Amino acid sequence: MAELSGVEPDEAAAADARGCPVLPSPQEPAPGPSTRLCTHSDILNLIVQNASLPDILQVITALVEREISGARASILLLDEDGLHLQVGAGPSLPAEYNTAIGGALIGPNTGACGTAAYEKRVVITASIADDPAWDAWRPAAEAARLAACWSTPFLGLHNRVLGTFAVYFDHPRDPQESELALLHDAGYLAAVAVQHDHVRRLLRETARTNPLTGMPNRIVLIEQLRAAEADAAETGQRFAVIQIGVDGMAPINESLGLSVGDAVLRIVAERLTALFGDSGHAAHLWGCDFAVLVDALGSDDEALAVAEKLRDALAEPLEVEGMSLVVGVIMGLAVYGREVLDGPRPIDEPLRTANVAMERAKAGGNQQIGVYDAKSDPGADVILLGHALRRGIDEEELTLAYQPVVTLAEDRVDHYEALLRWNTAQGIVPPDSFVPVAEQTGLVGDMGRYALRRALAELALWRARGEQAGVSVNLSVRQLSDERLPDVIAELIAEYALPAECVTLEVTEGVMLTTSAVGWDVLNRIRDVGARISLDDFGTGFSQINYLRRFRFDELKIDRTFVRDMDHDVAARAIIVGVIAFAREAGMTIVAEGIEHRRQADWLRELGCTHGQGYLFGAARPEPTG
Ligand code: C2E
Ligand code: CA
Ligand code: CA
331 MAELSGVEPD
341 EAAAADARGC
351 PVLPSPQEPA
361 PGPSTRLCTH
371 SDILNLIVQN
381 ASLPDILQVI
391 TALVEREISG
401 ARASILLLDE
411 DGLHLQVGAG
421 PSLPAEYNTA
431 IGGALIGPNT
441 GACGTAAYEK
451 RVVITASIAD
461 DPAWDAWRPA
471 AEAARLAACW
481 STPFLGLHNR
491 VLGTFAVYFD
501 HPRDPQESEL
511 ALLHDAGYLA
521 AVAVQHDHVR
531 RLLRETARTN
541 PLTGMPNRIV
551 LIEQLRAAEA
561 DAAETGQRFA
571 VIQIGVDGMA
581 PINESLGLSV
591 GDAVLRIVAE
601 RLTALFGDSG
611 HAAHLWGCDF
621 AVLVDALGSD
631 DEALAVAEKL
641 RDALAEPLEV
651 EGMSLVVGVI
661 MGLAVYGREV
671 LDGPRPIDEP
681 LRTANVAMER
691 AKAGGNQQIG
701 VYDAKSDPGA
711 DVILLGHALR
721 RGIDEEELTL
731 AYQPVVTLAE
741 DRVDHYEALL
751 RWNTAQGIVP
761 PDSFVPVAEQ
771 TGLVGDMGRY
781 ALRRALAELA
791 LWRARGEQAG
801 VSVNLSVRQL
811 SDERLPDVIA
821 ELIAEYALPA
831 ECVTLEVTEG
841 VMLTTSAVGW
851 DVLNRIRDVG
861 ARISLDDFGT
871 GFSQINYLRR
881 FRFDELKIDR
891 TFVRDMDHDV
901 AARAIIVGVI
911 AFAREAGMTI
921 VAEGIEHRRQ
931 ADWLRELGCT
941 HGQGYLFGAA
951 RPEPTG
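With the sequence shown counted from 1, adding 330 to any position gets you the numbering used here.
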């Protein structure tokens, strides 16, 4: 056996800078063995792209096999115990041989790889038949028709051996210097890939466990919840989430110190793990809060029994640093079945409700286990309404009502504002109640598109009847993050063969404060389509006139509160005068909202306001009424 020094990553990194010709494509003839392995960047790319370790190792072996004629490459990885080698890649070796060497113990005289890993040096076996170090492995090698083997260990941090890179031949042979350099490079690349994989696994672990207790964290619990929900949907099996808050930690931390406090939480974690295993069904959420998922429930009472068992287990005194401590626990219990999957909802809804139940129990004083009750949960309205709204949109319970916007000079209808109405079996729900729900539950995109399509389709019908009207449709600020929106509007305008300028989109002042670069871009692109853009409810938000320099709106709507107050509030009147002057100067149409009396309309007209909307001219109706 020849002896050479081991490959260390730092050395190999320097070697990389030597500059090598590009590796040929498989069709081209392979160059002589003088070519160095120089597709480092290919391998590094694979690593950066998060390819799996076995895939990367296999590519490295293929590269070397392409460079050294007749070579069959093998990568073995050293186990955590530092004693055994496992096969990382060996695609050209017979499966029986790979199986035989998998799990091999390293040591002196244990073939080329076992010795290389043990002695941290390159081991060259030019002829397996003549090398006593191969006595134990010779039968397997001969069965695989392997006659020579050169192996180099590759090392990681603190010179720890990570594995070996070896090439085999079917006839006895010694390496050339350039071939050894190639092995060295391949070992280096394997070391980079293995270390990256270690870090990746470590990060994944850290991202999924609580650093203090090592318990699975919320992410893991949510995954388990997903599985339980899928089960519930399929089989109707019920499951429960119990949130557990450890009470009385503040005095422990304050009087005995944080390390005692940490130890208490670790013991709580151990007890929960002992009860629920480390299946991810028990998790440390944050701080003093834990949660468990109890699936496959026979009955809701069973969930309560589990909570009581937990309470008893945690009530036992905890031994910390020679002290016997007792902590209190407060729990929140939420039980679910099929209904949890019904409609859009936050991904961790069962956790949220268990938390609501726990907070209720806390607020209730001496109660230790709170059971979730939707009636005392303000968040439930949003969820329940969200479910119903989803159905409302799908089943077309939403309709539009049209309110005229008139010219103040002649009381002639200029266009109609489309306002959503939701006709439920329980009566009409006003948009002020459901539009915010749509925004919170992610339904606003679907709802908005529905309103747009319906408004434009109906406008096309009226125009076909000879009406010269236009329509304005309200857009929620959230819809402006939908980059497809301008195209959707353009397609609808084309589909219904409408002049683009008879379509107006109304956005509220919030747009000025919350809109991102994407939102402004969407707004600009809608205007490029030829539609008008109107600033709704002007004066109610926090925006200043200064903001209006950011975007040239076609229309500005003075909020109805100013119109309501103008006859008794000088400031309201002054703002109206100022806004009218500004809009006129900037060439914008101005619409006063909420005109209920003739007197208001007259005043506004005299002040120079051109358009108005309000009950005086007509409330919103299913059909246009001018
Ligand atoms: P808005 O855009 O300011 O719509 C005008 C609201 O004022 C309408 O209420 C209308 O019925 C009401 N109104 C009209 N004239 C008068 C009046 O003379 N006096 C009084 N006191 N009120 C008057 P509605 O239909 O309940 O709509 C409320 C809000 O819901 C709308 O306010 C708008 O912000 C939102 N909304 C309606 N439809 C949609 C929609 O399709 N999409 C979005 N995102 N929001 C919508
Ligand atoms: Ca509006
Ligand atoms: Ca308005």
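Just so it is clear, CB atoms sit at the ideal spot from N, CA and C, and this is done for glycine as well. Nothing here was measured: the structure is a model prediction, and the numbers come from that model.
According to the neighbour-count rule (16 or more other Cβ atoms, all chains shown, within 10 Å of its Cβ), is residue i buried or exposed?
| i | result |
| --- | --- |
| N547 | buried |
| A691 | buried |
| N854 | exposed |
| S806 | buried |
| G493 | buried |
| T455 | buried |
| H745 | buried |
| T834 | buried |
| S864 | buried |
| S364 | Per-residue confidence for S364 stands at a pLDDT of 37, beneath the threshold of 50, marking its modelled position as unreliable; the derived number appears in the next sentence. The residue in question, S364, is exposed, as its Cβ has fewer than 16 Cβ neighbours within 10 Å. |
| V550 | buried |
| S802 | buried |
| E923 | buried |
| P462 | exposed |
| M653 | exposed |
Measure the CB-CB distance between residue i and residue j and report whether it falls below 9 Å.
| i | j | result |
| --- | --- | --- |
| F495 | I390 | yes |
| L605 | L542 | no |
| R751 | T737 | no |
| D889 | G869 | yes |
| V657 | V598 | yes |
| G662 | I572 | yes |
| G948 | T955 | yes |
| A781 | N753 | no |
| W467 | A434 | yes |
| A447 | I431 | no |
| Q567 | D625 | yes |
| A403 | V497 | yes |
| A473 | C479 | no |
Given this structure, state the Cα-to-Cα distance separating residue i from residue j, to the nearest angstrom.
| i | j | result |
| --- | --- | --- |
| L627 | E646 | 26 Å |
| A768 | D703 | 23 Å |
| T440 | V491 | 16 Å |
| C832 | M688 | 54 Å |
| Y666 | F569 | 5 Å |
| T288 | E747 | Since the first residue shown for the chain is 331 and the last is 956, residue 288 is missing from the structure and cannot be characterised. |
| A342 | P469 | Interpretation of A342 is limited by its pLDDT of 38, a score under 50 that renders its predicted location unreliable; the figure taken from the coordinates is listed afterwards. C-alpha separation (whole angstroms): 34 Å. |
| H927 | I699 | 58 Å |
| E449 | N489 | 12 Å |
| V765 | Y826 | 26 Å |
| D561 | V576 | 30 Å |
| D592 | P816 | 54 Å |
| R763 | N583 | Position check: residue 763 holds Ser in this sequence, whereas Arg was assumed. In a straight line, the C-alpha of S763 is about 45 Å away from that of N583. |
| D776 | I758 | 20 Å |
| N540 | L615 | 8 Å |
| D884 | R903 | 23 Å |
| R451 | E395 | 22 Å |
| A693 | V686 | 11 Å |
| W850 | I552 | 36 Å |
| P784 | L810 | Looking at the sequence provided, one finds Arg at residue 784 rather than Pro. Distance between the alpha carbons of R784 and L810 is about 19 Å. |
| R951 | G617 | 55 Å |
| M918 | Y732 | 23 Å |
| L393 | D385 | 12 Å |
| G942 | F881 | 23 Å |
| E953 | I906 | 31 Å |
Write down the C-beta distance between residue i and residue j rounded to the nearest angstrom, noting that I regard them as a contact closer than 8 Å.
| i | j | result |
| --- | --- | --- |
| I910 | L937 | 6 Å |
| L415 | C443 | 6 Å |
| I823 | L786 | 7 Å |
| H611 | Q554 | 6 Å |
| D866 | T838 | 5 Å |
| A931 | I920 | Actually they do not touch by this definition, with Cβ atoms about 14 Å apart. |
| I377 | V529 | About 11 Å separates the two Cβ atoms, so there is no contact after all. |
| A684 | R935 | At roughly 59 Å, the Cβ-Cβ gap does not stay under 8 Å, so A684 and R935 are not in contact. |
| I677 | F620 | The pair is not a contact, with the Cβ atoms about 19 Å apart (cut-off 8 Å). |
| V818 | R862 | Between R862 and V818 the Cβ distance is about 17 Å, and since that is not below 8 Å, they are no contact. |
| E813 | V841 | With 8 Å as the limit, E813 and V841 do not qualify as a contact, their Cβ atoms being about 16 Å apart. |
Given 8 Å as the limit, tell me if residue i has its C-beta closer than that to any heavy atom belonging to ligand 5.
| i | result |
| --- | --- |
| E559 | Ligands present in the displayed structure are limited to ligand 1, ligand 2 and ligand 3, and ligand 5 is not among them. |
Would you call the region 507-520 and the region 633-640 touching, i.e. three or more CB-CB distances under 8 Å?
no
Quick one: any contact between the region 857-867 and the region 892-902, if contact means 3 or more CB pairs under 8 Å?
no
Pairing CB atoms from the region 526-541 with CB atoms from the region 416-423, are three or more of them under 8 Å?
no
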